[in-house]
Amino acid sequence: MLVRFLSGPLLCGPLLACLSALVLLLSGGLPAWAEFSLPPLPYAAGALEPTIDARTMTIHHDRHHGSYVANLNAQIKAFPALADLSLDALQGQVSAYPEAVRNNGGGHWNHSQFWAVMAPAGRGGAPSRKLSAAINRDFGSLEAMQATFNQAAASRFGSGWAWLIRRPDGSLAITSTANQDNPLMDLPGLERGTPLLGLDVWEHAYYLNYQNRRPDYIKAWWSLLNWKEVDRRFAEAGGASA
Ligand SMILES: [Fe+2]
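Dropping the structure here:
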């Protein structure tokens, strides 16, 4: 493991990160703070009913998201440099690691944002004036943006995600990714940008209630959108300016 750790610049990152990880490795292990952790749901498991039932939420959060976190932490043993990366920073470096890091690191990031961009119906507010202006500028209207998003979510073959992103130039766009990829990842063929909201269209997100009716789940999901969190993400990314 040491040979692989020291010999691959793609695996190791900056020299300082390599040295600090090496010190940790030689000192007999990684400190507890280095591990990624499962964030609690920001509301009760049944708070999104009837759109998303409590059983789906519990299984989705505790088992699915929990597994991504556990599997990502298992990768730290093989790749100690991971312990020095924030979850955000990891997304932009997944191409340097094996697929298990990409899948589980993406799964952890994607689901963490997913819980945050939802709120009990009637509690998520509305888009801010600045976000509304950007949506109108780039899509024509909120309804047109939602229609484009819904099409991307419904047509994603197999498992994946639909996203509203802010491009580096400040414009907004709709995109979708397969499996647990996301627009922050340094992968070929992805439109990169800052995700403002992402919808999980894996069957595990909706199958108990909706079975094969993914379009019904997508349409109903908008009633749960936490626009306050989407606004926060938009402002943090720089708003509508380049
Ligand atoms: Fe999921």
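Just so you know, numbering that gives the first Met the number 0 puts 49 at position 50 of the sequence shown, and the rest follows in order with no gaps.
Each residue gets a CB set at the ideal place from its N, CA and C atoms; glycine is no exception.
Asked	Found
For W114, the three-state DSSP class (helix, strand or coil)	helix
Those residues, in chain order, that have a beta-carbon closer than 6 Å to some heavy atom of ligand 1	H59, H63, H110, D199, W201, H203 and A204
Supposed close pair A152, V200 - CB separation, criterion 8 Å	5 Å
Top-ranked residue by Cα proximity to V68, from E48, R54, V93 and S111	S111
Nearest-angstrom beta carbon gap, Q179 and G105 [assumed within contact, 8 Å]	4 Å
Cα-Cα separation between L86 and G121, rounded to whole angstroms	30 Å
Simplified DSSP state of D180, which is helix, strand or coil	coil
Every unbroken beta strand (DSSP E) within the stretch 50-91, with a cutoff of 3 residues, ordered by chain	none
Neighbour-count burial assignment, H250, 16 or more Cβ in a 10 Å radius	Residue 250 lies beyond the range of the chain shown here (0 to 241); nothing can be said about it.
Reduced DSSP secondary structure (H/G/I, E/B, other) of L37	coil
Where T174 falls, given that 16 or more other Cβ within 10 Å makes a residue buried	buried
Per-residue burial, G192 [other beta carbons within 10 Å of its own, 16 or more giving buried]	buried
Candidates F78, H203, L130 and G197, of which the one nearest G157 by Cα	H203
P167 classed as buried or exposed, judged by whether at least 16 other C-beta atoms fall within 10 angstroms	exposed
Inter-residue spacing [alpha-carbon to alpha-carbon] between G91 and R54	33 Å
Limits of the beta strand (DSSP E) - the one that W160 falls within	G159 to R165
Environment of D230 [buried if 16+ CB atoms lie within 10 Å]	buried
Per-residue DSSP class, three states only, for G104	helix
Buried or exposed by the 16-neighbour rule on C-beta atoms within 10 Å, applied to D215	exposed
Own chain partners of P182 with C-beta closer than 8 Å, once the 5 adjacent residues on each side are dropped	W162, I164, T174, T176, L189, E190, R191, G192, T193 and P194
Nearest residue (CA-CA) to P41, options N72, P119, A234 and L71	P119
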